[in-house]
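One structure is given here, and the rest of the page talks about it.
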Amino acid sequence: MSGRCKIRKAGETVVAKYFVKRILQMVPLLIVLSVIVFFLIRLIPGDPVTAMLGPGVVPANIEYERERLGLNDPIWVQYGRFVSGVLKGDLGKSIVTKKPVFYEIGKRLPVTLILAVGGTVISSLLGVLLGVIAAVKHNKFWDNAIMFLSLLTVSTPSFFLALLLVLIFSLQLGWLPSIGLSTPRHAIMPLLTLGSTGVGFMARTTRSAMLDVIRRDYIRTSRSRGIPERVVIYVHALKNALIPVITAIGLRFGGLLAGSALVETVFSIPGMGRFLVDSVSKRDYPCVQAGILVLAAVFIVVNTLVDLLYAAVDPRIRYT
Amino acid sequence: MRRTDFGKRFMRRKVSVAAAAVLVFFILLALFGPYICPYNPLKQDLKNIYGGISKDHWLGTDYLGRDTLTRLVYGARVSLGISFAGVLAGCLVGMLLGVLAAFYGGWIDTLVCRVVDIMLAFPGLLLAITISAILGNGVANTAMAIAIFSVPSIARMVRSVVLVIKNEEYVQACRIMGESSPRIIFTHIIPNAMSQIIVNTTLNLGGAILTASSLSFLGLGVQPPNPEWGTMLSQARDAIRTAPIGVLMPGIFITLVVLSFSLVGDGLRDALDPKLRNV
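Structural data, given as structure tokens:
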């Protein structure tokens, strides 16, 4: 085996080890998360059985149901049962619909993931572009205009923006449907809302990272070597400013996972956020527990993927 | 930095000065507005539902005939009150945790960091929804949810600031002179961390208004008939076609206040530490 092959193989082993280490680090975090969610739900005021059976039920029936559901068992036994259920894909049954929670979530999670991924992609593409322009035109009109627009998008509540879009594009112009997510046309306004609320955050992060990078010596060297400005900015500088931008993308995705509840409410989209909010309102404890657990677990998995992406972008991270 | 220098630096940024004026207006509105409003925000007038803009009702009436402007003015009191109370309480707890973690280190630091990490594992609104699910809805519980929601970010920020301050020479000198730890914390550490705490608290206030109005819009925060801007917007959306002003005005008020807090926060940051201007 040649020397170059050996080095390459050693490098691949380091990468593989780093990836396995990061994935294994996720396990204790998920266990802690399951413990917290399990105990937090038991802090919710009111008795789940009373909520399930409704008012006017005799105490004997409540006691029978508590016994049947195992709510009289010691708390650690209940936790063990909960974890073994989660591992088998059994998240309990909804108090309201009586259907398995797994089924309810299975219907809604893909919808929210589409919204969160779509919103993240739109805000990342637009935000990075605007952030780069702002950094290049530092302290000039475009920088100030983009920064003000960023602040405005960050400050506007997503539900207000969604209603404004409905008012203009559905009710006034009649161009777009305002309810559901059945066709790509239905998705335009929800994705635009979710995307635009994150544009400001992405633009500010990109601008700040780019301002840091474009003052470095190697950028000055690239310019002095006669490399076109476009290449210097979009290849040399942007590539090196990507780490904080990737962090921002991960955080934005997490924000949209739960934040989609607002957009789902305005556009009557049956997603996870709305499901969680409805479950809280109806005191549907198994659904609240599973909803929080699933959304937080997706966020942890996405953050781990973001960490792995760092390693792909910046080789130094794999060796630390 | 001398106080006059700070004032001059802040005044130089005109947009932040304008935003501060807007905030002062809204705070005065929240404090004194209810005394000059001629209507009761809860009194229904079913003969005048969705009444348009008129001499008597400058912004019309809602689906129960209540005066929209009066409800917006009372809503300023509720929305700003929840945010101020929540963020100040969260700031106090977060500051205490951050200072203790950074100053004493060891197991206190580990414990605080892990609790903060766990809270931040619930992204954005999910943490607020989870807290709201446990506490229940209502004005006081929404303020409490905002307080708990604010703790992790403030604790983390204060910890990072104090980690730098505690190694400064003047703090080391105090230790050598035998000053007690609480005295060092209250007379040296906290005053020197205060500028960053003020900037972050100002920026957090805008976020708190967004979170509180979002919770109320979802039906998990302030409940009707209380006039809170998010609740008002939620109730007005069914009539968005016939009476869009009921949606537009609370939305514009929320946006304006949140934007103003961000601009004032940016101005304070630039005035207190010009090095951070590009961050």
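Chains as they are written, first to last, in our numbering: chain A, 20 to 339; chain B, 11 to 289.
Positions of the beta carbon are idealized from the N, C-alpha and C atoms, including for glycine.
Please read all numbers here as calculations on a predicted model, not as lab measurements.
**Message:** What residue range does the alpha helix (DSSP H) around Cys47 (chain B) cover?
**Reply:** Taken as a continuous stretch (DSSP letters only), Cys47 (chain B) belongs to no alpha helix (DSSP H), as it is neither H nor E.
**Asked** When burial is assigned at 16 or more other CB atoms within 10 Å of the CB, is Asn50 (chain B) buried or exposed?
**Response** exposed
**Prompt:** Regarding Gln233 (chain B) and the ligand HEM, is the C-beta to nearest heavy atom distance less than 7 Å?
**Reply:** Within the structure as shown, the ligand HEM is missing, as the structure has no ligands at all.
**Prompt:** Using the beta-carbon count (16 or more within 10 Å), is Asp297 (chain A) buried or exposed?
**Reply:** buried
**Request:** Grab me the residues of Arg247 (chain B)'s own chain with a C-beta within less than 7 Å of its C-beta, minus the 5 sequence neighbours each way, in chain order.
**Result:** Val257
**Message:** Taking CB distances under 8 Å as the criterion, tell me whether Ile319 (chain A) reaches chain D.
**Reply:** Although the question refers to chain D, the structure presented lacks it and instead comprises the protein chains A and B.
**Prompt:** What residue ranges within the region 137–173 of chain B form continuous beta strand (DSSP E) runs of no fewer than 3 residues, ordered along the chain?
**Reply:** none
**Asked** Is the region 180–194 of chain B touching the region 67–84 of chain B, taking contact as three or more C-beta pairs under 8 Å?
**Response** no
**Request:** Helix, strand or coil for Asp77 (chain B), going by three-state DSSP, please let me know.
**Result:** strand
**Prompt:** If you compare alpha carbons, which of A:Leu314, A:Val147, A:Leu211 is closest to Ile252 (chain A)?
**Reply:** Here the closest residue by C-alpha is A:Val147.
**Asked** Applying a beta-carbon distance threshold of less than 9 Å, which residues of chain B neighbour Pro172 (chain A)?
**Response** It is worth fixing the name first, because residue 172 (chain A) is Thr in this sequence and not Pro. Those within 9 Å of Thr172 (chain A) in chain B number zero; the least Cβ separation is about 10 Å.
**Request:** Please name the residues in the region 279–296 of chain A whose beta-carbon is closer than 7 Å to at least one beta-carbon of chain B, in chain order.
**Result:** Ala280, Leu281, Thr284, Leu295, Val296
**Asked** In three-state DSSP terms, what is Thr340 (chain A)?
**Response** Nothing about residue 340 (chain A) can be read from this structure; chain A reaches only from 20 to 339.
**Message:** Just checking: is the beta-carbon of Val185 (chain A) within a distance shorter than 8 Å of some beta-carbon in chain B?
**Reply:** yes
**Prompt:** What's the gap between the Cα of Arg127 (chain A) and the Cα of Ser177 (chain A)?
**Reply:** 20 Å
**Request:** Label Asp236 (chain A) either buried or exposed according to how many other C-beta atoms from any shown protein chain fall within 10 Å of its C-beta, with 16 as the threshold for buried.
**Result:** exposed
**Residues that Pro254 (chain B) contacts on chain A, provided the C-beta gap is smaller than 7 Å** = Leu186
**Asked** Is it right to say Trp381 (chain A) is buried, meaning 16 or more other beta carbons lie within 10 angstroms of its own, or is it exposed?
**Response** Here chain A covers residues 20 to 339 and nothing more, so residue 381 (chain A) does not appear.
**Item:** For Leu110 (chain A) and Met121 (chain A), believed in contact at Cβ under 8 Å, the rounded distance
**Value:** Per the sequence shown, the amino acid found at residue 121 (chain A) is Phe instead of Met. About 5 Å; that satisfies the 8 Å criterion.
**Request:** Check the Cβ-Cβ distances between Phe35 (chain B) and every residue of chain A, and say whether any is below 8 Å.
**Result:** no
**Prompt:** Counting along the chain, where does the alpha helix (DSSP H) carrying Lys126 (chain A) start and finish?
**Reply:** From DSSP, the alpha helix (DSSP H) with Lys126 (chain A) extends over 120–155.
**Asked** Leu278 (chain B) and Val209 (chain B): beta carbons closer than 8 Å?
**Response** Cβ distance < 8 Å, so Leu278 (chain B) and Val209 (chain B) count as in contact.
**Prompt:** How far does the alpha helix (DSSP H) with Thr323 (chain A) in it reach, from first residue to last?
**Reply:** That run of the alpha helix (DSSP H) goes 304–332.
**Request:** Could you have a look at Thr71 (chain B) and say whether DSSP puts it in helix, strand or coil?
**Result:** strand
**Item:** Chain-ordered chain A contacts of Ser224 (chain B) [CB-CB under 9 Å]
**Value:** Listed along chain A are Pro176, Ser177, Phe178, Gly278, Ala280, Leu281, each with a C-beta nearer than 9 Å to that of Ser224 (chain B).
**Prompt:** Does the distance from the CB of Leu145 (chain A) to the CB of Leu275 (chain A) come in under 8 Å?
**Reply:** no
**Segment contact, 8 Å Cβ cut-off, at least three pairs: the region 114–125 of chain B with the region 208–228 of chain B** = no
**Message:** With DSSP as the reference, identify every bridge partner of Lys112 (chain A), one or two as the case may be.
**Reply:** BP columns for Lys112 (chain A) point to A:Pro119.
**Asked** Along chain B, which residues have their Cβ under 9 Å away from the Cβ of Leu19 (chain A)?
**Response** With chain A covering 20 to 339 only, the question about residue 19 (chain A) has no answer from this structure.
**Asked** Going along chain B in order, which residues have a C-beta closer than 7 Å to the C-beta of Ala267 (chain A)?
**Response** Residues of chain B passing the Cβ test: none, with the nearest at roughly 13 Å.
**Request:** Please check the pair Leu136 (chain B) and Leu314 (chain A), which I expect to be a contact at CB under 8 Å, by giving their CB distance rounded to whole angstroms.
**Result:** The Cβ separation is near 5 Å, so the contact holds.
**Request:** In angstroms with no decimal places, state the Cα-to-Cα distance between Asn288 (chain B) and Tyr329 (chain A).
**Result:** Bear in mind that the predicted position of Asn288 (chain B) carries a pLDDT of just 47, short of 50, making it unreliable; the figure below should be weighed with that in mind. Asn288 (chain B) and Tyr329 (chain A): Cα-Cα distance of roughly 24 Å.
**Request:** Would you mind reading off the limits of the alpha helix (DSSP H) that contains Glu283 (chain A)?
**Result:** 261–285
**Prompt:** Where does Gly202 (chain A) sit, in a helix, a strand or coil, going by DSSP?
**Reply:** It should be pointed out that residue 202 (chain A) corresponds to Thr in this sequence rather than to Gly. DSSP, reduced to helix, strand and coil, places Thr202 (chain A) outside both helices and strands of the structure shown, so it counts as coil.
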